[in-house]
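> Going by our numbering, the sequence shown wraps up at 176, each residue one higher than the last.
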Amino acid sequence: MPRADEDSAAIDDTLLIEDFGQRIGRAMGWPPMAGRMAGVLVLSPAPMTLSELQEALGASKGSASEMTRLLITNGTVERVKVPGVRQAGYVWRDDAWSGCLQHQLDQTEQLSELARAAQDRGRRMPEVQRTRLRDMHTYYEFMVREMRRLLDEYQRSHTGRRLAERPSAVTPRDDD
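Rendered as structure tokens:
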């Protein structure tokens, strides 16, 4: 019979997963199911197969498959081989937040390129349109520059913090 603290932990996990579905899903422009899947994978201690994700989320195979593709594309989840299991596994990447920011940077770089091309093509347009296109280009250049800086800063601080959190290796003593 499950203990009360196990029941409480399961309820807390369920509430957290639902919170992920609503908050991360909304903030990232993802469907709530993708946010819930992110929550499940963040909390999972081991890779999960598509079947396990389906069961955990009460999702169809098609929906679970689509959500894993979305999370992979957004840089937060990766597909892995699980020893002894035929199905691929899915895990929350150790560098998921870097992957997420990299994905956002990639999208912003595409918009920056659009803004540059639009500004070039709009050189003969009236001043109002040229100003709008120039402002768009200036904005996206700024965003790309700052996102690159943020990504670099985050990766440096995150790598340093992860190294500091690792347990020290025990070295054998010479007098043994």
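Where is the CB? At the ideal position from N, CA and C, for every residue including glycine.
1. Given D176, which residues of its chain have a CB within under 6 Å of its CB, disregarding the five upstream and five downstream residues?
2. Please list, in chain order, all residues of the same chain as T108 whose beta carbon is under 7 Å from its beta carbon, the five residues on each side excluded.
3. Which two residues bound the contiguous beta strand (DSSP E) that contains W92?
4. Is it the case that the Cβ atoms of Q87 and T49 are separated by a distance below 7 Å?
5. Counting pairs of beta carbons, one from the region 67-77 and one from the region 112-129, are three or more of them closer than 8 Å?
6. When DSSP labels each residue in this structure, what does R148 get in the three-state scheme?
7. Cα-Cα, which of Q155, L43, W30 and K81 is closest to L71?
8. Under the DSSP definition of a beta bridge, which residues are partnered with L78?
9. Taking the alpha helix (DSSP H) that V40 belongs to, which residues open and close that run?
10. Below 7 Å between beta carbons: does that hold for R134 and Q119?
11. Would you call R23 buried or exposed, if buried means 16 or more other Cβ atoms sit within 10 Å of its Cβ?
12. Please report the straight-line C-alpha distance between S65 and M125, rounded to a whole angstrom.
13. In the DSSP assignment, the alpha helix (DSSP H) including S63 goes from what residue to what residue?
Looking at the coordinates:
1. The residue given as residue 176 occupies position 176 in the sequence shown. At D176, the pLDDT of 38 sits below 50, so the modelled position is not reliable and the matter cannot be decided from this model.
2. For the purposes of this step, residue 108 is taken as the residue at position 108 of the sequence shown. These residues qualify, in order along the chain: Y140, M143, V144 and M147.
3. The count along the sequence shown starts at 1 and reaches residue 92 at position 92. Start and end: G89 to W92.
4. Sequence index remark: in the sequence shown, residue 87 carries index 87 (1-based). Sequence index remark: in the sequence shown, residue 49 carries index 49 (1-based). T49 sits close to Q87, with the two beta carbons spaced by under 7 Å.
5. Touching, no.
6. In the sequence shown, residue 148 corresponds to position 148, counting from 1. Residue state, collapsed to three classes: helix.
7. Within the sequence shown, residue 71 is the residue found at index 71, counting from 1. The option with the nearest alpha carbon to L71 is W30.
8. Counting from 1 along the sequence shown, the entry for residue 78 is found at position 78. Rather than Leu, the amino acid found at residue 78 in this sequence is Glu. Note: E78 sits in a beta bridge opposite V91.
9. Against the sequence shown, residue 40 aligns to sequence position 40. That run of the alpha helix (DSSP H) goes P32 to L43.
10. Translated into the one-based positions of the sequence shown, residue 134 becomes position 134. Translated into the one-based positions of the sequence shown, residue 119 becomes position 119. For R134 and Q119, yes; Cβs fall inside 7 Å.
11. Translated into positions along the sequence shown, residue 23 becomes position 23. Exposed, because fewer than 16 other Cβ atoms sit within 10 Å of the Cβ of R23.
12. Position 65 of the sequence shown, counted from the first residue, corresponds to residue 65. Position 125 of the sequence shown, counted from the first residue, corresponds to residue 125. Answer to the nearest angstrom: the Cα atoms are 46 Å apart.
13. Walking along the sequence shown from the start, residue 63 turns up at place 63. Start and end: K61 to T73.
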